[in-house]
Amino acid sequence: MNVLEAADVVKTFREGTESVSVLRGASLSLARGEIVALEGPSGSGKTTFLTILGCMLTPTSGRVAIEGRAVDPNRPDRLPWLRRTSIGFVFQQFNLFPALTAAENVEYTLNLKGLKGKSARIEAARVLEAVGLTDRAHFLPRDLSGGQKQRVAIARALAGSAPIILADEPTANLDSQVGSQVLELFRDLAKRENRALLIVTHDPKVRGVADRVAHIADGVIQN
Amino acid sequence: MVDLARKILFHDKVRFLITVSGVAFAVTLVFVQVGLFEGLLANASVTIEKIDADLWVSARNTPNVDFSNTFSETMVQRVRSVPGVARADNLIVWFGRVALPSGATENAVLYALEDFTHWNLPWRISTGDARDLRRGKYVILDDSATKRFGPFAVGDYREFNGQRLKIIGRTAEARSFTTNPIAFLDYRVAQSLDRQSLHNRTTYILVKLAPGADAPAVAAAIQHRLPYNNVWTRDAWAVRSRSYWTDNTGLGLNMVMTVFLGCLVGVVVVAQTLYTSTMEHIKEFATVKAIGGGNAQIYAIIAKQAVIAAVVGFALGALMTSGLRPIMAGIDLKLSLTPSFAFVVFAGTLGLCLAASAISFRRVASLDPALVFRG
Ligand SMILES: Nc1ncnc2c1ncn2[C@@H]1O[C@H](COP(=O)(O)OP(=O)(O)O)[C@@H](O)[C@H]1O
Ligand SMILES: [Mg+2]
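As they're listed, the protein sequences go chains A and B. Each residue of the first sequence is one higher than the one before, starting from 275 at the first, in this note's numbering. Each residue of the second sequence is one higher than the one before, starting from -8 at the first, in this note's numbering.
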């Protein structure tokens, strides 16, 4: 069964009197344990699509279903709950909290998801170990390298049990070699923990770790 | 739980210091201003509070204890005959002119009784005995006179309204709101200092109630027999004397304005630093939203930062105030502060800091979590 389904997603932005159709019927599905790379040139609508899949933006039309349940476009107030329970994010700019250590960054996310106290600390330690950062757990982001920061971000996305992980250009701010290592790690963990992973990118290295490659052009997706 | 609010706040120590100093400054300003005001105002009713009288009879419409008016001293007989009155005596409160050795003159407030033993007056005497006052042309002078009249010693003579009086004692704390020192002397001597106004006349009747007597009822009975006087309970008289100065001078308004400005400065500093802090961390708050936090979580973070700033700022302000207290006492300024007033200031600080944080809420409410994907 697919944990994520998007069908005929249309998104039109209105800017003054002009309207720009970024997505014109994009469809994509994702199963547990599956890794998909979504490629496309800059400005093709990759991030817009990811934001819709990630329940941060409501499409102009089309359907999105998370874990078999349709996302109601008339209930934007339910979106935070969906993000909390079903989705983990990894961003191009890492977006760690600068005032929190690596471990606290993960733990805080778990706190938001409803896991508190000791169980949150245990889970944070588990995922930090999985990304190989146990010895950096008490470092602030400013004392970590780019690759280490992105590994913390991956740990944060994996923490808890969100079935879907969405990553937007996770290697764009890393040099090539570090990018490859991070992608290998990402792949291993997604497979081991049976998560569905969608990586949106224009980095050709991502193909190497993906089960399937999709392309976005002219607002539609070609598999 | 990871305390993101506190971590963010302490991560930028300089900003935290600015916020806290703003609060501390405002708190100190309010404490000092109100403390000075209360300290000054305490002088306006200090004798009313210290004198052991349950009721005061004054000439009609006397505005405060210092600005007394005269009435016939025989009225005291009528008061003594009212049931429930245990004791009633005439008290003269009158201004006297004191000639200084330098040739200048200054005012003193004269408090004169026939028998000082019954009324706890003077309430703090360091040298001398008030019972000796009735023996002749004597005066007991308050220490605060040193500042206005120059140094004086027991045994010295001073000229009061042209009559030489011998200083036979010293008191403390006896000072009128007009900052004039209080001089204690015999009732008849006081009358002799201003025959034209005080011959056979008094300015107040002090009344002590019999045990179990009902003050308002006795006051009403006295009022009935002395229709051309006013009868006050001790508390009402103290309030009247104090509110004369707050209402009729700019003092009350001045204090309200300074307190208002102090609060304004505090609110602006806190609002301003919390708002810039919120704006600088906007991407982090977008991340909180992206990973599933709602507005409520972010409001809680900002509100908590406001509470921390309020608590630390208040503590610092209270500390600064207690440091200023001895310094101000050294220059003869009394800060009068009560725990209940400190609590009001604390609650006000908390409330105003929270209100200041609310202007950041609006920015957060409209914050788009998709911001996390934008450069
Ligand atoms: N909120 C928005 N309002 C208006 N236009 C937008 C908005 N978000 C994205 N766009 C436009 O949509 C197009 C696709 O953007 P994006 O999804 O970021 O592309 P990509 O991630 O593939 O580079 C761009 O032309 C961009 O200007
Ligand atoms: Mg993009």
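We put the beta carbon where it would ideally sit given N, CA and C, even for glycine. Here the structure is a predicted model, which means the values were calculated and not measured.
- The segment 349 to 362 of chain B and the segment 281 to 298 of chain B touch, with three or more beta-carbon pairs separated by less than 8 angstroms.
- Judged by DSSP in its simplified three-state form, A:Ile439 adopts strand.
- In the three-state reduction of the DSSP assignment, B:Phe143 falls in the coil class, being assigned neither a helical nor a strand state.
- In the three-state scheme derived from DSSP, where H, G and I count as helix and E and B as strand, B:Tyr102 is classed as strand.
- Beta-carbon to beta-carbon, B:Gly160 and B:Ile196 are separated by about 25 angstroms, too far to satisfy the 8 angstroms threshold.
- DSSP places B:Asp238 in the uninterrupted alpha helix (DSSP H) bounded by Arg225 to Asn239.
- Against chain B, the CB of A:Ala446 has no partner CB under 8 angstroms away; the residue lies outside that interface.
- Checking the 7 angstroms criterion, the Cβ of B:Phe332 is out of range of every heavy atom belonging to ligand 2.
- With a cutoff of 7 angstroms, B:Thr312 does not count as near ligand 2, since its C-beta is closer than that to no heavy atom of the ligand.
- For A:Glu443, the shortest separation between its Cβ and any heavy atom of ligand 2 lies below 7 angstroms.
- B:Ile318 counts as exposed, since fewer than 16 other beta carbons sit within 10 angstroms of its beta carbon.
- Sequence-ordered contacts of the segment 414 to 427 of chain A with chain B are nonexistent [C-beta pairs closer than 7 angstroms].
- For the pair of segments examined, the segment 45 to 60 of chain B was found to touch the segment 209 to 228 of chain B: the number of CB pairs separated by less than 8 angstroms reaches three.
- Distance from the C-beta of B:Phe364 to the nearest heavy atom of ligand 2 is below 7 angstroms.
- For secondary structure counted as the beta strand (DSSP E) over 3 or more consecutive residues, the segment 425 to 479 of chain A holds these complete runs in sequence order: 438 to 442 and 470 to 475.
- With its beta carbon less than 8 angstroms from one in chain A, B:Ala281 belongs to the interface.
- Non-local beta-carbon contacts of A:Pro333 in its own chain, meaning distances under 8 angstroms to residues more than five positions away in sequence, involve Val283, Val284, Lys285, Leu297, Ile326 and Pro347 in chain order.
- Going by beta carbons, A:Glu467 and A:Leu440 fall outside the 8 angstroms limit.
- Residue-level contact check: B:Gln263 does not touch chain A, since none of the beta carbons of chain A fall below 8 angstroms from its beta carbon.
- Inclusion of B:Leu343 and B:Ala206 in the CB contact set at 8 angstroms is not warranted, their separation being larger than that value.
- In the DSSP assignment, B:Leu307 falls outside any beta strand (DSSP E) and within the unbroken alpha helix (DSSP H) covering Asn286 to Gly321.
- A Cβ closer than 5 angstroms to some heavy atom of ligand 1 marks a residue here, and those residues are A:Phe287, A:Val296, A:Ser316, A:Gly317, A:Ser318, A:Gly319, A:Lys320, A:Thr321 and A:Thr322.
- Along the segment 304 to 330 of chain A, the positions whose C-beta sits under 9 angstroms from a C-beta of chain B are Thr321, Thr322, Leu324, Thr325, Gly328 and Met330, read in chain order.
- DSSP places B:Pro207 in the helix class (H, G or I) of the three-state scheme.
- The secondary-structure analysis by DSSP pairs B:Tyr195 across a beta bridge with B:Ser49 and B:Leu82.
- Listed in chain order, the non-local C-beta contacts of B:Ala174 below 6 angstroms within the same chain comprise Ala99, Leu101, Val130 and Leu132, local neighbours out to five positions each way being set aside.
- If you check the CB distance, A:Arg425 and A:Leu459 come in under 8 angstroms.
- Boundaries of the alpha helix (DSSP H) harbouring B:Phe28: Lys4 to Lys41, taken from the DSSP string.
- Counting only the Cα atoms, A:Leu402 lies some 34 angstroms from A:Asn497.
- For A:Glu381 against A:Ala394, the beta-carbon gap comes to about 5 angstroms, under 8 angstroms, which counts as contact.
- CA-CA distance, B:Leu362 to B:Ala277, rounds to 6 angstroms.
- By the criterion of at least three beta-carbon pairs nearer than 8 angstroms, the segment 231 to 242 of chain B is not in contact with the segment -6 to 7 of chain B.
- Per DSSP, B:Leu242 is not a residue of any beta strand (DSSP E); the alpha helix (DSSP H) it occupies stretches across Leu242 to Glu271.
- The way I'd put it, the segment 413 to 425 of chain A does touch the segment 446 to 456 of chain A; three or more beta-carbon pairs between them come closer than 8 angstroms.
- Your pair B:Gly75 and B:Ala204 checks out as a contact, with CB atoms roughly 4 angstroms apart and the cut at 8 angstroms.
- DSSP places B:Thr118 in the uninterrupted beta strand (DSSP E) bounded by Ile116 to Thr118.
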